[in-house]
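Structure record follows, encoded as structure tokens.
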Amino acid sequence: MTDQRVPVVLLSGLAADAVAEVARHAAADPTTAVLHHDLREVVQGVVRRTLTHGEHRATEVLELAHGCVSCTLRQDLLPVALRLAEAPDVRRIVLHLDPAMEPEAVCWALHHVVVDGRVATERLRIDAVVSTVDAATWFADAIGEESLYERGMSASADDERTIAQVVVAQVEFADAVIVAGAAPDAWTAARTDAVLDRLAPELPRADLPGLDLDALVAAVPARARKGEVGDAHEPLLRGQPPLEPDCGISVVLFDERRPFHPGRLHDALDVLLEGVVRTRGRLWVASQPDAALWVESAGGGLRIAHAGPWLATTEDWSEVDSERVAMASLRWDPYYGDREQQLVVITHLASPEEITSALHEALLTDAELAEGAEVWRTYEDPFGEWHTDPCEDSGDRDSALRTGREEG
């Protein structure tokens with residue numbers, strides 16, 4: 000049966016002018032509606048919504064009771080997108096995201112947030128998430144420590160994300176990448192390409208001058224994510240990123256069975272920050288033998304979050320994703336079950352050998368292993384406290400991603 004849902008393309012990127020130019024390309028099609036929410040004053044509860052459709056362009060100032068991304072999604076973006084889906088002259092919707100918005104949170108809302116008794120994906124089909132990068136500044140942003148607040152781009156009063164966390168996440172979740180402008184030199188261009196090859200392998204790329212957005216979206220591989228939000232137990236390597244070093248950019252794969260000592264792991268976390276572009280992975284900390292922890296870092300920002308129970312401690316697997324069960328079964332250990340350490344680290348200055356060595360030293364020793372889980376539970380645990388999102392009732396993916404203890 001033909002999918003009758005209205006196709007949606009999400010445009011993201013920190014380079015606001017470049018993303019706006021891509022949106023103008025999309026708006027040239029009179030059957031495309033482009034929806035943009037300007038969040039520059041969201042902390043004051045003010046959002047500016049601009050809708051462009053054919054020759055019609057209208058901007059409306061919205062005043063929200065709570066100034067945050069989740070409220071913008073639930074109270075306006077989703078309802079307006081659903082209304083557009085019912086318009087007979089709208090054949091495609093382009094969501095032109097604010098630079099501070101991460102497309103993963105928006106896609107989660109499209110799939111899960113109920114509006115007027117239904118979720119948006121009942122009427123909308125995500126065809127592609129497209130991220131635009133500025134060739135002149137993206138690499139520096141991806142390895143920097145500047146916060147959104149310092150750049151005047153916070154999406155809420157307590158938004159503690161770094162610029163690096165945003166630009167890396169935007170590319171990592173994308174199905175296609177647009178490169179705008181030119182790098183200041185050949186070395187920066189080569190290093191940017193090397194990082195993009197590892198963050199977004201096998202994804203189509205296009206240059207903004209001469210962009211054909213329809214052709215780029217058509218080139219998105221069938222196996223691409225297309226807005227599907229995974230969980231902490233999905234495969235860490237999507238596609239086939241090159242594992243050999245290039246222009247000083249390396250990929251470190253850390254895969255071990257024995258648990259981390261919580262104190263030594265906490266002391267070792269700096270190796271996942273200094274000279275590192277990106278870290279993603281699952282951790283087994285000895286003091287929490289039942290729970291998987293999730294770690295992600297970009298530039299100078301790092302987050303540790305709860306990732307739910309290990310299958311080894313779960314009696315009922317009926318609600319567990321079949322791919323996770325299959326992966327766990329292939330690697331099942333008679334003693335540890337599916338508990339393990341799995342991290343992928345992309346470096347630009349840090350030594351892969353030093354990262355691997357520091358992480359190995361944080362694992363339990365043979366003597367500590369012999370003491371058993373009852374003793375492990377008594378270890379002092381710096382990972383035992385968890386923050387909660389200020390909009391706990393929002394139920395959005397951003398809350399889920401941002402829940403956890405923030406380090407650094």
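Per numbering that gives the first Met the number 0, the very first residue in the sequence shown carries number 0; after that it's consecutive. Quick reminder that beta carbons are idealized off the backbone N, C-alpha and C, glycines included.
CB-CB length for residue i against residue j, believed under 8 Å
i: H305; j: A285; result: Incorrect: roughly 16 Å between the Cβ atoms, too far for contact.
i: V129; j: C106; result: No, V129 and C106 are not in contact; Cβ-Cβ is about 13 Å, not under 8 Å.
i: L215; j: L96; result: Incorrect: roughly 17 Å between the Cβ atoms, too far for contact.
i: A163; j: G280; result: Not confirmed; about 17 Å, so no contact.
i: A25; j: V89; result: 12 Å between Cβ atoms; not a contact.
i: A75; j: H36; result: Here residue 75 turns out to be Asp, not Ala, going by the sequence shown. Confirmed, Cβ separation roughly 7 Å.
i: L195; j: V165; result: That belief does not hold up - the Cβ atoms of L195 and V165 are roughly 16 Å apart, past 8 Å.
i: V68; j: S155; result: 7 Å
i: E370; j: L207; result: Incorrect: roughly 58 Å between the Cβ atoms, too far for contact.
i: V421; j: R91; result: With the chain running from 0 to 407 in the structure shown, residue 421 is simply not present.
Chain-order list of residues whose beta-carbon lies under 8 Å from that of residue i (same chain, five-residue window excluded)
i: T313; result: V319
i: V45; result: V60, L61, E62, L63, G66
i: V167; result: A141, L198, V276, R277, A297, G298
i: R150; result: I162
i: V270; result: A349, E353, I354, A357, L358
i: L77; result: A108, L109, V112, V114, A119
i: A218; result: A175, P203
i: L292; result: R281, L282, W283, V284, I303, A304, H305, A306, F382
i: S317; result: none
i: L242; result: V250, L252
Where residue i falls, given that 16 or more other Cβ within 10 Å makes a residue buried
i: A57; result: exposed
i: D133; result: buried
i: R302; result: buried
i: Q239; result: exposed
i: T136; result: buried
i: G444; result: Within the shown structure, residues of the chain are numbered from 0 to 407, placing residue 444 beyond reach of any answer.
i: M100; result: buried
i: L282; result: buried
i: T364; result: exposed
i: M152; result: buried
i: L94; result: buried
i: V5; result: buried
i: A17; result: buried
i: W375; result: buried
i: T71; result: buried
i: D174; result: buried
i: W186; result: exposed
i: L123; result: buried
i: L212; result: buried
i: Q3; result: exposed
i: E103; result: buried
i: P308; result: exposed
i: L329; result: exposed
i: P98; result: buried
Through-space distance from residue j to residue i, alpha-carbon basis
i: R224; j: D337; result: 25 Å
i: Y335; j: E367; result: 15 Å
i: L268; j: A27; result: 48 Å
i: L13; j: E339; result: 35 Å
i: P220; j: L202; result: 8 Å
i: A327; j: E255; result: 14 Å
i: A182; j: P258; result: 43 Å
i: G53; j: R323; result: 45 Å
i: L272; j: R263; result: 16 Å
i: T1; j: P87; result: 18 Å
i: E144; j: V178; result: 22 Å
i: E85; j: V79; result: 10 Å
i: R47; j: V343; result: 39 Å
i: R222; j: I125; result: 13 Å
i: E360; j: F172; result: 32 Å
i: A22; j: G180; result: 16 Å
i: A290; j: T30; result: 49 Å
i: D315; j: Y378; result: 29 Å
i: W331; j: T131; result: 40 Å
i: W385; j: Q341; result: Its pLDDT being 49, under 50, W385 is placed unreliably in this model, and the coordinates cannot settle the point.
i: P333; j: L362; result: 20 Å
i: L310; j: D184; result: 49 Å
Same chain, Cβ closer than 7 Å to residue i, five either side skipped, listed in chain order
i: G274; result: T346, H347, L348, A349
i: L81; result: V114, A119, R122
i: L235; result: R279, G280, Q341, V343
Residues near residue i in its chain [Cβ-Cβ closer than 6 Å; skip 5 each side]
i: R160; result: L147
i: L210; result: H24
i: L50; result: L34, A57
i: P288; result: A372
i: D380; result: P261, S286
i: A205; result: I177, L215
i: A139; result: none
i: P351; result: S249, V251
Residue-level contact to chain C via CB, residue i, 7 Å cutoff
i: V270; result: The structure shown contains no chain C; it holds only a single protein chain.
Q. Do the region 183-200 and the region 243-258 touch if we need at least three Cβ pairs shorter than 8 Å?
A. yes
Q.
So, does the region 231-238 touch the region 35-43, judging by three or more C-beta pairs under 8 Å?
A. no
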